[in-house]
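Letter by letter, the sequence shown follows residues 0 to 525 in numbering that gives the first Met the number 0.
Built from N, CA and C at the ideal position, the CB exists for glycine as well.
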Amino acid sequence: MPLTGPELSAPVDLEHLLQCGLQTNPDDPALTAETGCLTWQELAEATRRLASAYLGLGLMPGNRVATLMPNRPAQVIHNLACLRAGLVTVPMNYRYTPSDIDHALQLSGASLLVHHQERRPDIARCQFASNLPNGRVEFSDGDDCGFAALIKKGDPKATFPVLPQNSPACILFTSGSTGSAKGVTHTRETLGWILASVGMAFQLTPDDVVMPGSSFSHMAATIFSLAGLANGTRVVVPRGNHPDELLPLLRLARPTVMFILPATLSLLVRDHDTVREDFESLRVCFAGGDKLSEDLEDEYTQLVGRPIEEGYGMTEIGHAVTLPIGCSFRPGSPGKACPGYEFSIRNEAGQELPCGLEGRAWVRFPGMMAGYWQHPEATARTIVEGWLDTGDVMFADQDDYLWFHGRRKQIIVHDASNIFPQDVEQAIVKHPAVEMVGVVGIYDRVHGENVRAYIKLHKDGPSVPTASELIQFSRNEVGYKAPEEIVFLDELPRNATGKIDRMTLKRMAEEQKDRGVKRENSEPAL
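Below you can see the structure in the form of structure tokens.
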């Protein structure tokens, strides 16, 4: 039988997303940032004005509006305005290069681009940005930009059409870990279900303060900000996901719920004079986007006095697994299925597996994506008979806790044994000299694949280990899974969501063009 989360009764009504805050505390802060705050009433007016102004530009419901924006309250206002006007948001990662921008604009068929003025040189290098049907709108951190002018120009009393629930609401790009980034399409209904599940899973109320510590162009920050607003919860908007941005807001805004990336958490805990009192306001702090190392979990627990939670989600399905409020914490598990979600753990033949056996995780949820934009073949491969193939390997224990083991496509097959990169990475990063590690498999005609570890060392580490020393250290931790080769890099590549980019590492290995190597790039296993 599938594992099921608590029952979810209805999706969030996107037409009236701000209603709870407006009815409960209209003059209280709804959005907080370094530059100030907006009350619920001010946020609602700005939303109506911008929605009216967008339609005044000639945009029609269903048109796609792309953004290239850093974390600012303006991104949240834009999302809300597009929902009111029936426009489809297409947020682009602020780290996108001109070629990435062109790919997103072309694939989505965007009619308008809203971008920060500091990206003007990159926009000028784009093929499609200068030929959009409704042009471009520039944003800056002052009040004299085109974006601010649009808000002032809009009608605060405008009315808007009610759209069908199956109308597209947003196109969110995957991180491209298995090829070119695909446009994950969520409708007004599927997005509403995701927001309802998040609100129920974290029991968000008007007494809460939510701070998403990641880019607001990604799924996690998008759904946590909108779910917070839907429940009358104040949302804190950091200017970025660096500890220098998060720590002051953690101390001043006193959030009760915070989402954070593991890489950011590592810097926050280790390098910024953070103390236990900084986390006292939090009733929930969870990390997502990548696997936490055991060392980082231990360091956080020692600092804060309680463990950090992990979550599991995908752009295609939203936030699907978390530790239910009041349930006991189990290190290494992201928790149980969130409200409305069903999980089925299956073998490669599609047969459901009993608890304790790992297999491929399939998910069913009324809020899973409608499909990949303009890519029906990929959609058909991913959604089969109402179930979405996550491509992730998991198992469930006897108490319905789920345990994530890795991506099926990233498994390394060495002498017919399956090796998960995360297992090796967690072992190597325990070495005091290692700051970061990414593990991939490289072809070997005898063994099938060998394990190669790309390693970034701490700049001020106590010692500089050799590759042989790290290989032996790994053997002591994970035995046969230890790498045959070590490559030292000055920096490890990251994908658009900030995760270590194993796809790029794999490509580097295949092309034999490793760059930034500090020492001899490989040593044979002893």
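Item	Value
6 Å Cβ shell around Ile259 - same chain, five flanking residues per side excluded	Gly212 and Ala286
Integer-rounded CB distance, given that Pro25 should sit under 8 Å from Phe581	Outside the displayed range of the chain (0 to 525) lies residue 581, so it cannot be described from this structure.
Presumed contact (8 Å Cβ cut-off) between Pro338 and Met218, rounded CB distance	Between Met218 and Pro338 the Cβ distance is about 17 Å, and since that is not below 8 Å, they are no contact.
Beta-carbon contacts of Glu308 that lie in its chain and below 6 Å, excluding the five residues immediately before and after	Phe285 and Leu322
Residue burial classification, Cys160 (beta-carbon count within 10 angstroms, cutoff 16)	The identity of residue 160 in the sequence shown is Pro, whereas the question assumes Cys. Pro160 is exposed by the Cβ-count criterion.
Leu7 versus Glu483: straight-line alpha-carbon distance, rounded	48 Å
Touching by the beta-carbon criterion (3+ pairs, under 8 Å), the segment 17-36 and the segment 233-241	yes
Where the beta strand (DSSP E) through Thr88 begins and ends	Val87 to Pro90
For Lys455 and Asp270, the rounded distance between their alpha carbons	17 Å
The segment 59-66 / the segment 77-87 touching (three or more Cβ pairs under 8 Å)	yes
Neighbour-count burial assignment, Ile316, 16 or more Cβ in a 10 Å radius	buried
Per DSSP, cross-strand counterpart(s) of Ser343	Trp361
Residue burial classification, Thr34 (beta-carbon count within 10 angstroms, cutoff 16)	exposed
Anticipated Cβ contact below 8 Å, Ser214 with Asn240, distance rounded	6 Å
Three-state secondary structure (DSSP) of Leu488	strand
Inter-residue spacing [alpha-carbon to alpha-carbon] between Ser526 and Lys152	This structure gives no information on residue 526, because the portion of the chain shown stretches from 0 to 525.
Cβ-heavy atom distance, Val438 to the ligand ADP, below 7 Å	With respect to small molecules bound, the structure shown includes none, and the ligand ADP cannot be examined in it.
Test: Met313 CB closer than 8 Å to a CB of chain B	This model lacks chain B altogether, as it is built from one protein chain only.
Three or more C-beta pairs below 8 Å linking the segment 184-201 and the segment 299-306	no
Sufficient close CB pairs (3 or more, under 8 Å) joining the segment 430-438 to the segment 463-470	yes
Secondary structure of Pro523, DSSP reduced to three states	Residue placement at Pro523 is flagged as unreliable, the pLDDT there being 32, under the threshold of 50; the coordinate-derived value follows with that caveat. Pro523 falls in the coil class under three-state DSSP.
In DSSP terms, what Ala508 is bridged to	Paired residues: none, contrary to the question.
Where the beta strand (DSSP E) containing Phe138 begins and where it ends	Arg135 to Phe138
Where His114 falls: helix, strand or coil (DSSP)	strand
Local Cβ density within 10 Å of Asn475, reported as buried at 16 or more and exposed below that	exposed
Same chain only: Cβ atoms within 6 Å of Gln164, ignoring 5 sequence neighbours per side	Arg187 and Glu188
For Val392 and Thr358, believed in contact at Cβ under 8 Å, the rounded distance	The amino acid at residue 358 is misidentified as Thr; the sequence shows Gly. 7 Å between Cβ atoms; contact.
Bounding residues of the beta strand (DSSP E) (the contiguous stretch that carries Tyr453)	Gly447 to Leu456
Neighbourhood of Leu245 by C-beta, 6 Å cutoff - its chain only, sequence neighbours within 5 removed	Gly212 and Pro237
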